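Trainee: So the protein lines, in turn, are chains L and E.
In terms of my numbering, the first sequence opens at residue 1378 and continues consecutively.
In terms of my numbering, the second sequence opens at residue 1378 and continues consecutively.
Submitted below is the structure of interest, expressed as structure tokens.
2 protein chains.
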Amino acid sequence: MQLCHQPVWSSRALLMMRAAWIVLSLAGCVAPHNCVAPAQPTASNPAATLPSWRDTSAKQAIESFVADVTREGSSSFVPPAERIAVFDNDGTLWSEQPLYFQFVFMLDQVKAAAPQHPEWKDNPAFKALIAKDYGALANQQKALQQLVAVANSGMTVDDYDKTISAWLASARHPKFGRLYTDLVYQPQLELLAYLRANGFKTFIVSGGTIEFMRVWAEKAYGIPPEQVVGSSQVVQYEVRNGKPVLVREPKLDFVDDGAGKPVGIYRNIGHKPIFAFGNSDGDLQMLQYTAAGPGRHLALLLHHDDAVREFAYDRASKVGKLDKAWDEAVTEGWTVVSMKNDWQTVFPAPRQ
Amino acid sequence: MQLCHQPVWSSRALLMMRAAWIVLSLAGCVAPHNCVAPAQPTASNPAATLPSWRDTSAKQAIESFVADVTREGSSSFVPPAERIAVFDNDGTLWSEQPLYFQFVFMLDQVKAAAPQHPEWKDNPAFKALIAKDYGALANQQKALQQLVAVANSGMTVDDYDKTISAWLASARHPKFGRLYTDLVYQPQLELLAYLRANGFKTFIVSGGTIEFMRVWAEKAYGIPPEQVVGSSQVVQYEVRNGKPVLVREPKLDFVDDGAGKPVGIYRNIGHKPIFAFGNSDGDLQMLQYTAAGPGRHLALLLHHDDAVREFAYDRASKVGKLDKAWDEAVTEGWTVVSMKNDWQTVFPAPRQ
């Protein structure tokens, strides 16, 4: 008996493909704007405090939770080995608008690969992409998916890592004009450090792929590669010219999104988290799973309501849709963090 | 387009099934023997020394390697974040004879599930298992695999963990009469602690399944669940009676053996190891991958040549076959550790 897994590059399954919907509505929102200068952190020891968090109920909920689980001898005490904190990445630790940054990278890879693929010149998806005809592109999803699969596969994982790093070192965000890796959220950097200073292990659990996050997550977030849980592509071990390599196949292996997130947590972490932070319906099951733990736990959602400093979106949005998880947050008493009201700062100060 | 993954429970793919071959030759080697009392460790600080290792070239190779990669300012220095050490489990960190211990557990689960499956009474594999007719059982592999799949699936991961823990707390090894978790190798416990004391992160990378190792690996080896890489079964997220659970499906998801080991390392660790320890052909690619790193590295094989204190096997063996990896160790100058000659002690002293 043979059973089939997910169809390869199925539109439901692929987070990068999920983003393709957005191409439809891209035209109006990619014009460059000036960078909004964030406020400076006010404390000299970000590991121990949360200077970019305003003194609101959200910050109080975090501090109260951490105090409870670290108070030895109390009924709410959790030993360090079980202090597992999981964070979504896109829209929770860094921006995700107007397109998931990974999807921008993958489209750029299609453009970069074009000289090696003269046969693409008559491909309707490729023509639409080059012409920035997003209406036509939206009608060519399957063809676009195939281009993305070809352009982002076939190479070794080491070569792909170098490609990602080179792109991150030069590509700039259309609204803020900054490197994408500068668009991490300053309050979350402080929160990660604060949790670690209190004995937590911090993990990313993201719909993005592991290789796209790992090349910069340790430097940006202090999260090492083995604590980055994400979607993954099939890779195959080969010995090429006497040298062992891992080669990327054009098939998705695991989608770490929605109901996949608790599965990713089980497979890669093996402990139930006691702290989970997300921002969209893709995080619903991760938050449910965390909130169902037997002891003290904290489930948080970041609400994107700050059109001035970032973007105002999420309810009924195409990227970062926050409907079901919002409703459950209200019902279950999860903590909703308002970017506008609860954060003093959004992004780190630009480097001099 | 839909592509099929590995056939479910295919005999090639399943490590637990691979072990089924051994059933053929079981009859003669399961009679209980007295436990061979191991020598006591001779040092009071096992984290900093290797008291159960004799002063031979194997121990010198380890100590020399660790000195080289931790010497700041030297060309061989490796920063702590990249000091990744990977260990196979079965036959490398604990015994694996006469049957992979996990396979013994899974067969016991078939027996335990029998009262809920009256339809099994005429199943030829079940009849052979109960009658200990290993000749007949060897001809019923497919039927046996189906029984194992049914008996070890359908429950939540939490319930399965409890089942594993209960089995490990009572089942005893046929030769040594000890709990299976007592049959870890004392020199390897010291080596794990020694590496960690020198800034290494230690990982298991095993063909065994993650859940079977995680319930005891942290206590036994000091390796937390998130540092246990292994084979895994498909699990599905469900909300049952309002409670989120993960349910085990009767399908294997990933086989962390052979060429799968570098893939497991890539997916779960994200760094190339600089230290790898195995004992069989299933570790060949993990050792190749480690040995292909650009800097200083150490690849080791444990040679099972001690019939008195453990078992003498591995060349052309069915469990723990060591042919290709042995040949490559000779060619490439990997370190072969003789259990008989290089280890002062094999197992920890029995608990009083």
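C-beta: ideal position from N, C-alpha, C; glycine also.
What you are looking at is a predicted structure, and each value in this text was computed from that prediction instead of being measured.
Would you report the Cα separation of L:Tyr1562 and L:Ser1434, rounded to the nearest angstrom?
Mentor: 19 Å
Trainee: According to DSSP, what are the bridge partners of L:Gln1610?
Mentor: L:Leu1629
Trainee: For L:Leu1699 versus L:Glu1567, is the C-beta distance shorter than 7 Å?
Mentor: No. Outside cutoff.
Trainee: Out of curiosity, what's the CA-to-CA distance linking E:Ala1693 and E:Lys1717?
Mentor: 19 Å
Trainee: List the residues of chain L that E:Ala1490 touches, going by C-beta distances under 7 Å, in chain order.
Mentor: Chain L residues near E:Ala1490: none, gap ~21 Å exceeds 7 Å.
Trainee: Which partner residues of E:Gly1655 appear in the DSSP bridge assignment?
Mentor: E:Leu1678
Trainee: To the nearest angstrom, how far is it from the Cα of E:Ala1408 to the Cα of E:Glu1603?
Mentor: Here the model assigns E:Ala1408 a pLDDT of 27, short of 50, so the residue's position is not dependable and the matter cannot be decided.
Trainee: Among all the DSSP beta bridges, which residues are the ones paired with E:Phe1464?
Mentor: E:Ile1581 and E:Phe1654
Trainee: Under 7 Å, CB to CB, which of the residues in the region 1532-1544 of chain E have a partner in chain L?
Mentor: Val1534
Trainee: In the DSSP assignment, find the unbroken beta strand (DSSP E) run with E:Val1714 in it and report its ends.
Mentor: Thr1712 to Ser1715
Trainee: May I ask you to report which of helix, strand or coil DSSP gives L:Ala1515?
Mentor: helix
Trainee: Roughly how many angstroms lie between the CA atoms of E:Gly1670 and L:Ala1505, to the nearest whole one?
Mentor: 43 Å
Trainee: Nearest chain L C-beta to E:Tyr1666 closer than 7 Å, yes or no?
Mentor: yes
Trainee: Pull up the CB-CB distance for E:Ile1646 and E:Phe1464, whole angstroms please, since I reckon it's below 8 Å.
Mentor: Not confirmed; about 12 Å, so no contact.
Trainee: Please report the distance separating the alpha-carbon of E:Pro1621 from that of E:Ala1702.
Mentor: 44 Å
Trainee: CA-CA distance, E:Gly1554 and E:Tyr1571?
Mentor: 29 Å
Trainee: State yes or no: is the beta carbon of E:Lys1698 nearer than 7 Å to at least one beta carbon in chain L?
Mentor: no
Trainee: Compare the Cα-Cα distances from E:Leu1521 to each of E:Ala1689, E:Leu1484, E:Asn1575 and E:Val1605 and report the closest residue.
Mentor: Checking every option, the nearest Cα to that of E:Leu1521 belongs to E:Leu1484.
Trainee: Let me see if you follow: with CB-CB separation under 7 Å, is E:Gln1662 close to chain B or not?
Mentor: Here the protein chains are L and E, and chain B is not one of them.
Trainee: Report the option in L:Pro1475, L:Ala1543 and L:Trp1497 whose CA atom is closest to the CA atom of L:Leu1524.
Mentor: For the set L:Pro1475, L:Ala1543 and L:Trp1497, the Cα lying nearest the Cα of L:Leu1524 is the one of L:Trp1497.
Trainee: Under a three-way DSSP split, which group does L:Pro1621 fall into?
Mentor: strand
Trainee: If you follow the alpha helix (DSSP H) that L:Met1483 is part of, which residue opens it and which one closes it?
Mentor: Phe1478 to Ala1490
Trainee: Who does L:Ala1689 pair with in a DSSP beta bridge?
Mentor: Looking at the DSSP assignment, L:Ala1689 forms a beta bridge with L:Asp1682.
Trainee: DSSP three-state label for L:Glu1449, please.
Mentor: coil
Trainee: Do the region 1664-1684 of chain E and the region 1638-1654 of chain E meet, that is, are 3 or more Cβ pairs less than 8 Å apart?
Mentor: yes
Trainee: If you compare alpha carbons, which of E:Lys1596, E:Phe1442 and E:Phe1482 is closest to E:Ile1651?
Mentor: When only C-alpha atoms are compared, the closest one is E:Phe1442.
Trainee: With respect to 6 Å, is the separation between the Cβ of E:Ile1439 and the closest non-hydrogen atom of the ligand GDP below this value?
Mentor: Among the ligands in the structure shown, none appear at all, so the ligand GDP cannot be discussed.
Trainee: How many angstroms separate the CA atom of E:Asp1499 from the CA atom of L:Lys1578?
Mentor: 51 Å
Trainee: Assuming L:Gln1610 contacts L:Asp1630 (C-beta within less than 8 Å), just tell me the rounded distance between them.
Mentor: Confirmed, Cβ separation roughly 6 Å.
Trainee: Ignore the nearest five residues each way along the sequence and tell me which others in L:Pro1605's own chain have a CB closer than 6 Å to its CB.
Mentor: The sequence shown places Val at residue 1605 of chain L, not Pro. The answer, listed in chain order, is Ile1581, Ile1587, Met1590, Arg1591 and Ala1594.
Trainee: If you compare alpha carbons, which of E:Gly1468, E:Lys1539 and E:Leu1569 is closest to E:Gly1599?
Mentor: E:Leu1569
Trainee: Do L:Gly1659 and L:Gly1635 have their C-beta atoms closer together than 7 Å?
Mentor: yes
Trainee: To the nearest whole angstrom, what separates the beta carbons of E:Val1714 and E:Asp1683, a pair I think is in contact under 8 Å?
Mentor: Here E:Val1714 is actually not in contact with E:Asp1683; their C-beta atoms are around 11 Å apart, not less than 8 Å.
Trainee: Just to confirm the assignment, what range does the alpha helix (DSSP H) spanning L:Lys1504 have?
Mentor: First-last of the alpha helix (DSSP H) with L:Lys1504: Pro1501 to Ile1507.
Trainee: Look up E:Thr1722 in the DSSP assignment and say whether it is helix, strand or coil.
Mentor: Coil at E:Thr1722, not helix or strand.
Trainee: So that I know if they touch, is there some Cβ in chain E lying closer than 7 Å to that of L:Arg1460?
Mentor: So no, L:Arg1460 is outside the interface.
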